[in-house]
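Residue numbers (the numbering used here): -15 to 503. In what follows, a single structure is set out as structure tokens and then discussed.
Rendered as structure tokens:
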């Protein structure tokens, strides 16, 4: 056979595995090297994940307790905020974590005990930026409620538009993501996002914190072409500077914050009896606490120039800023550190933002931020119809950062406690601590591994099976395959009536032979 070979430093199904070398027709086409140009090929110093189908376990069935109290015993508790607890006990009561400790932890009477020996218990992961609950089907605009047509709408809130029955919600939470920052998009000032739990009958039942942050989109920077080359992008056809309109939009955003501050001064003067009360302006009133630096503003910025522009606006307007996206954050780590601005890194599973950048610039982005002392969390990012479906990949985004140098504990923190801290909900979510909402994931193996099975979930202290449309379809077609192999069902579409159709015959390999008239 052709000598097409790939060399990994661990099993290829290991999320933490990294490709070290590839050969095509026996010739080396890729070789990963360290900064000193020495090959890095070596075995990974970690346990191998299991792939034996016989080891696959069914979901851990936990019956609902009328008293709402549960004790998970015998598991390894990964608290995130502290050390792991072997053979630990976690007590849930009234929707919150009531106790976290070792095997001697007191369990109140009437508590339903769940034997989790050999399993792992984790805090639910938090997606730090998605449109889940606002976006359902890419080809049907009526199912998309993520943006408005206006440029500046700070009064819009995602919490009033959530769709609790979205099929994408159970798909996402079945992978251990139990809460999400749901953000608006569109225009320059998109509106206010909320943090929600991925379970509930109505939006108010799901929302953990409303008006968490204001989302602002920094206009995209267009790299100018060499003189004489045809410029693509906005304004490029006629030779106009493609970034001239961008500067105007940036100034318009800043003007909105300045206007909100002036509006606030006039309102305060009226309350003090020094002026007449101005007409109510819902937009400026909604923008005021963000303009004053009382609440965070999340700037969506990906390229180096965009990030620097966002940092300048944060400094000039004295805002409480957060950078989201940040594909080129690795290029401005010193500036981010100096500004003390946290970053929500959007994806480690994408190609570089520029063809001239190192192939692993996105993979190592979190590691470089950590090395520089920049506070960060990892989130997912999708385009077009993938906007709301990619959230389920959050653990693998963090796992890929581990493959490219980030410590495993830090990667876990980047999708649990770190986003909770950056978004201001760390008193409610992000770790296994007494008093926090009981969003808990029970697995059989490391949370960030693609081969790890989620056995059961708790959201707000209520047990949930990790079921979704995906698992239902899997069960449905596995059942159909079994019927075909047993000769109970034909393979293919039967064109004749059931009375005329001959009995299905077993074909070689155990599959039923097609019935007459089928194809």
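Where is the CB? At the ideal position from N, CA and C, for every residue including glycine. All of these numbers come straight from a predicted model, not from anything done at the bench.
Distances from the alpha-carbon of residue 135 to those of 320, 199 and 246 put 199 closest.
Residue 147 is not a Cβ neighbour of residue 106, given a cutoff of 9 Å.
Of the candidates 197, 181 and 69, the residue whose Cα lies closest to the Cα of residue 190 is 181. Here residue 426 really is in contact with residue 100; their C-beta atoms are around 6 Å apart, less than 8 Å. Straight-line spacing of the CA atoms in residue 321 and residue 359 works out to 8 Å. Secondary structure at residue 76: strand, using DSSP grouped into helix, strand and coil.
At a cut-off of 4 residues, the continuous stretches assigned as alpha helix (DSSP H) that sit fully inside the region 359 to 438 are 378 to 387, 392 to 397 and 401 to 406.
The Cβ neighbour count for residue 185, taken over all protein chains shown within 10 Å, is under 16; the residue is labelled exposed.
CA-CA distance, residue 196 to residue 10, rounds to 54 Å. The region 343 to 355 makes contact with the region 387 to 407; the number of CB pairs closer than 8 Å reaches 3 or more. When only Cα atoms are considered, residue 183 and residue 193 end up about 14 Å apart.
Within the region 93 to 118, the complete beta strand (DSSP E) segments of 3 residues or longer fall at 96 to 99, 104 to 107 and 109 to 114, listed in chain order. The beta-bridge partner set that DSSP reports for residue 458 is empty. Contact check between the region -3 to 6 and the region 426 to 438: three or more CB pairs, one atom from each, fall below 8 Å, which counts as touching.
Shown here for residue -11: same chain residues with a beta carbon closer than 6 Å to its own, the five before and five after excluded, namely 7 in chain order. Where residue 305 is concerned, there is no enclosing alpha helix (DSSP H), although the beta strand (DSSP E) around it starts and stops at 305 to 309. For residue 319, there is no enclosing beta strand (DSSP E); the enclosing alpha helix (DSSP H) has its first and last residue at 317 to 323. By the CB criterion at 9 Å, residue 142 and residue 108 fall outside the cutoff. Annotation for residue 429: 436 place their beta carbon closer than 6 Å to its own, counting only its chain and skipping 5 residues before and after.
Rounded to the nearest whole angstrom, the CA to CA distance from residue 75 to residue 160 is 19 Å. Contact between residue 323 and residue 299 holds: their C-beta atoms lie close to 7 Å from each other, under 8 Å.
The C-beta distance from residue 173 to residue 237 rounds to 6 Å, short enough to fall under 8 Å.
Comparing C-alpha distances from residue 227 to each of 5, 373, 293 and 438 shows the shortest one belongs to 293.
Secondary structure of residue 81 (DSSP, three-state): strand. Rounded to the nearest angstrom, the gap between the Cα atoms of residue 259 and residue 249 is 10 Å. If you look at residue -7, you'll find it isn't in any beta strand (DSSP E); DSSP assigns it neither H nor E. The beta-carbon distance between residue 356 and residue 330, rounded to whole angstroms, is 18 Å. This is too long to meet the 8 Å contact definition. Counting along the chain, the unbroken alpha helix (DSSP H) around residue 354 starts and ends at 349 to 355. Taking 9 Å as the cut-off, the Cβ atoms of residue 286 and residue 337 count as close.
Buried is the label assigned to residue 381, since at least 16 other Cβ atoms lie within 10 Å of its Cβ. Under a 10 Å Cβ-count criterion, residue 95 is classified as buried, with 16 or more other Cβ atoms of the shown protein chains found around its own Cβ. For a cut-off of 8 Å, the C-beta gap from residue 12 to residue 54 is around 55 Å, too long to register as a contact.
Taking a C-beta distance under 9 Å as the contact criterion, residue 103 and residue 73 do not qualify as a contact pair. Within 10 angstroms of the beta-carbon of residue 247 lie 16 or more other beta-carbons, which makes it buried.
Taking the CA atoms as reference points, residue 225 sits about 40 Å from residue 408. Inclusion of residue 375 and residue 64 in the CB contact set at 9 Å is not warranted, their separation being larger than that value.
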